[in-house]
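Residue numbers (my numbering): 1127 to 1390. In what follows, a single structure is set out as structure tokens and then discussed.
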Amino acid sequence: MTGGPAGAYERMLAVAVAALHEREPERLWPLVAAALPGLCGGDALIYKLGEWTDRTGSMGLSPGAAAHLGRIDDIGDESMAVLRRGYPFADHYAAAGAVRRPGTAHRMAGRGWARSRTAGTISRLMDADHVLAIPLPGTTTPVTGCLVYRAGADFTEDHVRAAEQLQPLLAGVEQQRQLLERLRATTAPPEAATDSRLTPRQVTVLLLLADALTASAIAHRLGISVRTVHKHVESLYRKLGTRDRVSTVLRAQEIGLLPRRVGR
């Protein structure tokens, strides 16, 4: 891997910063998926969000995976079920007390990996021999996150360490996607957001204010300074014509920038 784990982290940080400025939630994970395989020694990637079973949950492909598989909807039901089962990762991460550290299929399953149905499926579909799982930290479903594929030798310890360093960045991208989905789910007329002229980062800060996060917590969540958070908050006050957090959130709810919350 060119640049080693430190270089991979710096390059992924650039992707994460770009993702934080993206306003369309459906574009976030494709952005990450295009960069991530090469940062941890892989050729292709499938990312999995939500509950991971053999029947449910959304999946997406990196360009490398799409080159082999085509559209995700074109994969046969039987092969899709095998990929969704996530052998051997589902059992590993579902075990009580399991640490959600990245790991390879070969090291988790031993000799059974090469003989498994999953190994045969990825070899046929993707011309790959090995899989590295990168679960999203803080999730409870067995294998929510990314599966990175490569041909030839197994992923090295350096690859696994690079993947582990990248986990917090992936978690931040997923948090941003969820924030944007929440914003889209509001009943705001399109002109309300346009008239307010909020930047993507100001929209994110507004959503976190609505969650009653402190300036310090917001800074930590977004990877910016507390001073920068205060500047964003001051801009929100100016644009929304308010003077404090409570009135800002109420005003944003009034004009449809935030959903009105019931029973909270």
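The beta-carbon is built from N, C-alpha and C at its ideal position, and this holds for glycine as well.
Original post:
What number of angstroms, rounded off, separates the C-alpha of Leu-1195 from the C-alpha of His-1285?
Top reply: 24 Å
Subject >> First and last residue of the uninterrupted beta strand (DSSP E) at Gly-1164 >> reply: First-last for Gly-1164: 1154-1165, but that is the alpha helix (DSSP H), not the beta strand (DSSP E).
Subject >> Rounded separation between Val-1355 and Gly-1236 - CA only >> reply: 48 Å
Subject >> Supposed close pair Gly-1168, Arg-1308 - CB separation, criterion 8 Å >> reply: Between Arg-1308 and Gly-1168 the Cβ distance is about 31 Å, and since that is not below 8 Å, they are no contact.
Original post:
Quick one, are the C-beta atoms of Leu-1324 and Lys-1357 less than 8 Å apart?
Top reply: no
**OP:** Just list the beta strand (DSSP E) runs in the stretch 1266-1316, keeping only unbroken ones of 3 residues or longer that don't cross its boundaries, in chain order.
**Re:** 1271-1276
Subject >> For Ala-1318, the three-state DSSP class (helix, strand or coil) >> reply: Bear in mind that a pLDDT of 46 at Ala-1318, under 50, signals an unreliable position, so the model cannot answer this.
Subject >> Residue from Glu-1204, Arg-1310, Val-1375 and Leu-1306 with nearest C-alpha to Leu-1339 >> reply: Val-1375
**OP:** For Ser-1462, write down the residues that DSSP places opposite it in a beta bridge.
**Re:** Limits of the chain in this structure are 1127 at one end and 1390 at the other, which puts residue 1462 out of reach.
Original post:
Buried or exposed: Thr-1182, going by 16 or more other Cβ atoms within 10 Å of its Cβ?
Top reply: exposed
Subject >> Candidates Gln-1302, Val-1352, His-1346 and Gly-1186: closest to Thr-1330 by CA position >> reply: Gln-1302
Original post:
Tell me which same chain residues have a C-beta within less than 8 Å of the C-beta of Ser-1373, skipping the five on either side of it?
Top reply: none
Original post:
Excluding sequence positions up to five away, which residues of its chain have a Cβ less than 6 Å from the Cβ of Met-1138?
Top reply: Leu-1165, Leu-1292 and Leu-1295
Subject >> Per DSSP, cross-strand counterpart(s) of Tyr-1363 >> reply: The partner list for Tyr-1363 (beta bridge, DSSP) is empty, contrary to what the question assumes.
Original post:
Taking Cβ positions, are Leu-1332 and Leu-1306 nearer each other than 8 Å?
Top reply: no
**OP:** Specify, as a first and last residue, the run of the alpha helix (DSSP H) that Leu-1332 falls within.
**Re:** 1326-1336
**OP:** Express the C-alpha separation of Ala-1345 and Tyr-1173 in angstroms, rounding to a whole number.
**Re:** 27 Å
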